[in-house]
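>
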Amino acid sequence: MEELIMPTNITDATFTEETDKGLVLIDFWAPWCGPCRMQAPILEQLANEFDEEELKIVKMDVDENPETPASFGIMSIPTLVLKKDGQMVEKVVGVHTKDQLEELVKSYQ
Numbered sequence: 001m002e003e004l005i006m007p008t009n010i011t012d013a014t015f016t017e018e019t020d021k022g023l024v025l026i027d028f029w030a031p032w033c034g035p036c037r038m039q040a041p042i043l044e045q046l047a048n049e050f051d052e053e054e055l056k057i058v059k060m061d062v063d064e065n066p067e068t069p070a071s072f073g074i075m076s077i078p079t080l081v082l083k084k085d086g087q088m089v090e091k092v093v094g095v096h097t098k099d100q101l102e103e104l105v106k107s108y109q
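The UniProt record's numbering numbers the first residue of the sequence shown as 1 and each following residue consecutively.
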């Protein structure tokens, strides 16, 4: 049985290192956030659909890491930020379907 790939948890300290190369989807979330819990399995599916060279998916708990979300002007969660080679190219708020996220990612590949 193939091992499932899970999004990597990152922190304020590891943010730049983890998100400055290639195409990276960052999930800003919190454990108490119901919609964030709805988004999580969709992101797990995407993580297993794309090679990490194509798309890296990372998660950041906004309660434990307040600096990075503040620098992106994140006011509500879940918020997904797509970075390409270190530059933010998209920011979407709320729960999104797998199809919506695939379309978003493919538009930057």
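By construction, the Cβ of each residue, glycine as well, lies at the ideal position given by its N, Cα and C atoms.
Under DSSP, the beta strand (DSSP E) around Ile42 begins and ends at which residues?
Taken as a continuous stretch (DSSP letters only), Ile42 belongs to no beta strand (DSSP E), being part of the alpha helix (DSSP H) at Gly34 to Glu49.
> If you reduce the DSSP assignment to three classes, tell me which class Glu90 lands in.
The answer is strand: DSSP assigns Glu90 an E or B state.
> Answer yes if the region 59-71 comes into contact with the region 88-99, meaning at least three C-beta pairs across the two stretches below 8 Å, and no otherwise.
no
> Starting from the C-beta of Pro78, find all residues in its chain whose C-beta is less than 8 Å away, skip the five residues before and the five after it, and write them out in chain order.
The residues are Asp27, Phe28, Trp29, Cys33, Pro35, Cys36, Gln39, Val93, Gly94 and Val95.
> Given 7 Å as the limit, tell me if Ile74 has its C-beta closer than that to any heavy atom belonging to the ligand COA.
Annotation note on the ligand COA: not contained in the displayed structure, which lists no ligands.
> When we look at the beta-carbon of Met75 and count the other beta-carbons within 10 Å, is it buried (16 or more) or exposed?
exposed
> On a CA-only basis, which of Ala13, Leu25 and Asp12 is nearest Glu103? Give me that one, please.
Leu25
> For Lys59, count neighbouring Cβ atoms within 10 angstroms of its own Cβ and tell me buried if that reaches 16, exposed if not.
That one is buried.
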